[in-house]
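First residue of the sequence shown: 3, per the working numbering; consecutive thereafter.
Remarks on the structure that follows.
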Amino acid sequence: PTNGSTAGYPNPNFINGEHYVETRIVRSGKQSMPLVYDNSVGLSEVTRTLNADWTEGGVVKLTLFYRGLADNAPEQMFVAIDGVVVNNDDANAALAEEWTRWLIPLETFTSQGVNLNNVGSITIGFGNKANPTAGGGEGHVFFDDIRLYKEWP
């Protein structure tokens with residue numbers, strides 16, 4: 003009741019060629035992750051549990067690509083690693099109608115106490131995670147190419 007998000011399409015009709023993931027609006031590969039948010043309850047977020055060492059290979063950046071819809075309600079987009087939140091600088095990120103890269107230096111998380119030797123979770127969401135307030139808007143954003151890099155190519 004306090005999370006207004008859905009990752010993936012909840013009831014695809016496989017006979018009609020539908021899937022849990024998005025297969026038409028894709029940046030690379032064959033699928034992207036659709037995230038539907040409804041901040042009328044205050045916050046929308048999806049979390050992936052990990053058990054990962056993000057220090058291997060000298061990686062220094064987290065990158066993800068997102069694409070929204072023009073009729074989305076503008077809501078603050080954020081990424082959290084083990085509960086440490088980084089907000090997207092663009093307050094209208096959910097409205098981006100073209101694939102947009104979000105590049106986050108990992109030191110942004112480590113300077114706030116995240117241990118990259120043992121990353122437990124990554125969360126993508128919309129709203130104010132520190133102070134969720136009911137009555138926000140709704141929308142639909144696609145995410146693709148969530149990756150770690152040594153340097154941005």
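Note that beta-carbon positions come from the ideal geometry of N, C-alpha and C, so glycine has one too.
Just so it is clear, the structure is predicted and the values come from calculations on it, not from any experiment.
At a Cβ-Cβ threshold of 7 Å, E77 and A96 count as neighbours. For F145, the uninterrupted beta strand (DSSP E) segment begins and ends at E140 to Y151. A distance below 7 Å separates the beta carbons of S46 and S7.
The closest CA to that of F67, considering only Q114, D40, P36 and G10, is found on P36. In the three-state reduction of the DSSP assignment, T25 falls in the coil class, being assigned neither a helical nor a strand state.
Scanning the stretch 10-58 for uninterrupted beta strand (DSSP E) segments of 3 residues or longer gives 35-40 and 45-54, listed from N- to C-terminal end. Here the stretch 18-29 does not lie against the stretch 118-130, with fewer than 3 beta-carbon pairs under 8 Å apart. The stretch 79-96 makes contact with the stretch 109-117: 3 or more CB pairs, one atom from each, lie closer than 8 Å.
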